[in-house]
Amino acid sequence: MTPAETLVKKFKKNRTLSHIVTRMAQLINDDESTLQDFEEVIRLDPALVARLLTLVNSSHFGLTRKIDSISRAVALLGMKNLHNIAVTDTIQHMLHSRSGFAEFSPQRLWLHSVASGICCKMIAERIFTLNGDDVYLCGILHDIGLIAIMEADPETFLRLIGQLQPGGPSIVSLERQLFLTDHCAIGYILAKDWRLPDAIAAAIRDHHSDGVGDIAPHSPTGILQMSEYIIQQLHYSSIKEGLAKQLAPSLAAHIRKNVAEYRVLAEDLPEEIEKTKNMYDS
Ligand SMILES: [Fe+2]
Numbered sequence: 006m007t008p009a010e011t012l013v014k015k016f017k018k019n020r021t022l023s024h025i026v027t028r029m030a031q032l033i034n035d036d037e038s039t040l041q042d043f044e045e046v047i048r049l050d051p052a053l054v055a056r057l058l059t060l061v062n063s064s065h066f067g068l069t070r071k072i073d074s075i076s077r078a079v080a081l082l083g084m085k086n087l088h089n090i091a092v093t094d095t096i097q098h099m100l101h102s103r104s105g106f107a108e109f110s111p112q113r114l115w116l117h118s119v120a121s122g123i124c125c126k127m128i129a130e131r132i133f134t135l136n137g138d139d140v141y142l143c144g145i146l147h148d149i150g151l152i153a154i155m156e157a158d159p160e161t162f163l164r165l166i167g168q169l170q171p172g173g174p175s176i177v178s179l180e181r182q183l184f185l186t187d188h189c190a191i192g193y194i195l196a197k198d199w200r201l202p203d204a205i206a207a208a209i210r211d212h213h214s215d216g217v218g219d220i221a222p223h224s225p226t227g228i229l230q231m232s233e234y235i236i237q238q239l240h241y242s243s244i245k246e247g248l249a250k251q252l253a254p255s256l257a258a259h260i261r262k263n264v265a266e267y268r269v270l271a272e273d274l275p276e277e278i279e280k281t282k283n284m285y286d287s
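Residues 6 to 287 in the numbering used here are what the sequence shown lists, from first letter to last.
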């Protein structure tokens, strides 16, 4: 077993995305599955049903009629959207149930994950006129490997955070020294385990390989890396401010070419993040 697999095993032993949320992802990616299969899976967890109905009825979605059943929620919002709500809610619970310590705040990582999900979705929809549901999931889950490390080995995680300094070695190289693996490799194993689409798993695996390669801006990897760059500029960093973040030349050139659109996106982003954060925190 590789060091990454050992950490994943330890993480899953404690707590992971619930079985039902994972099953939902499998159904979304299975062409044979029906709306009914999806509803049946959600109904297995009455607490999830209640939570999902509360979330879809929140003012965030601005629906005029109250939704009182999962089938109606699926019909109005779509399976992918509902799955994304369930995953976001799970990540929120994972991070809010942990208390922070010096130099590390789980709430900050939560805000970073929301910011990334929202920014990815906005880039996909506004810049590339693509459906933003898949890349939203990519953003919300991209640092799941970090949560896995924190859960599986909190003491070494604490040392990692302590050693992370502006101008110092990158988080990935420190992780490789301390854990013989990194949160990108761990996130990739988890994404494959949850049967997320290959392009989404690859984006999670490559989200720190910044500054290298010729990455297509419209690919999930391109969108995720640009969102990481933008949200860092807006001070939504995952752990600490001032850690270096570089863009691959192809991504930097793309942003320069569309700078007016990205400027508007960056202006609108904080309000969108705040709205989403408030919905899950309430
Ligand atoms: Fe990361």
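We treat Cβ as the ideally placed atom computed from N, Cα and C, and that holds for glycine.
Test item: CB-CB of residue i and residue j under 7 Å
{"i": "tyrosine 234", "j": "leucine 252", "result": "yes"}
{"i": "isoleucine 278", "j": "alanine 120", "result": "yes"}
{"i": "asparagine 89", "j": "leucine 142", "result": "yes"}
{"i": "proline 225", "j": "alanine 258", "result": "no"}
{"i": "valine 360", "j": "threonine 93", "result": "The structure shown has nothing for residue 360, since the chain only spans 6 to 287."}
{"i": "cysteine 124", "j": "serine 287", "result": "no"}
{"i": "alanine 208", "j": "leucine 229", "result": "yes"}
{"i": "methionine 284", "j": "histidine 65", "result": "yes"}
{"i": "isoleucine 154", "j": "phenylalanine 162", "result": "yes"}
{"i": "leucine 201", "j": "leucine 179", "result": "no"}
{"i": "leucine 114", "j": "serine 243", "result": "yes"}
{"i": "phenylalanine 2", "j": "alanine 157", "result": "This structure cannot settle anything about residue 2, because the visible part of the chain is limited to 6 through 287."}
{"i": "tryptophan 199", "j": "alanine 30", "result": "yes"}
Close beta carbons around residue i, own chain, < 6 Å, minus the five adjacent residues each side
{"i": "proline 133", "result": "Sequence check: residue 133 is phenylalanine here, not proline. If we look at phenylalanine 133 and ignore the five residues flanking it on each side, its Cβ neighbours are His223."}
{"i": "histidine 190", "result": "Position check: residue 190 holds alanine in this sequence, whereas histidine was assumed. Around alanine 190: Ala9."}
{"i": "aspartate 187", "result": "Val177, Glu180, Arg181"}
{"i": "isoleucine 260", "result": "Tyr267"}
{"i": "glycine 192", "result": "Ile149, Gly150, Ile209"}
{"i": "methionine 84", "result": "Ile33, Phe43"}
Contact set for residue i: own chain, Cβ-Cβ below 7 Å, skip 5 residues either direction
{"i": "glycine 227", "result": "Ile220, Ala221, Leu256"}
{"i": "isoleucine 194", "result": "Ala9, Glu10, Val13"}
{"i": "arginine 28", "result": "Val46"}
{"i": "leucine 183", "result": "Thr161, Arg164, Leu165"}
Nearest-angstrom Cβ-Cβ length linking residue i and residue j, presumed shorter than 8 Å
{"i": "isoleucine 75", "j": "isoleucine 47", "result": "5 Å"}
{"i": "histidine 98", "j": "histidine 147", "result": "The Cβ separation is near 18 Å, so there is no contact."}
{"i": "glutamate 108", "j": "glycine 167", "result": "7 Å"}
{"i": "glutamate 37", "j": "valine 79", "result": "The Cβ separation is near 17 Å, so there is no contact."}
{"i": "leucine 100", "j": "isoleucine 145", "result": "Not confirmed; about 11 Å, so no contact."}
Contacts around residue i, its chain only, beta-carbon distance under 8 Å, and the 5 residues preceding and following it disregarded
{"i": "leucine 274", "result": "Ala120, Ile123, Cys124, Met127, Ile235, Ile236, Leu239"}
{"i": "leucine 82", "result": "Val61, Phe66, Ile90"}
{"i": "alanine 52", "result": "none"}
{"i": "isoleucine 72", "result": "Leu58, Val61, Asn62, Ala78, Leu81"}
{"i": "methionine 6", "result": "Lys14"}
{"i": "leucine 49", "result": "Ile25"}
{"i": "lysine 280", "result": "His65"}
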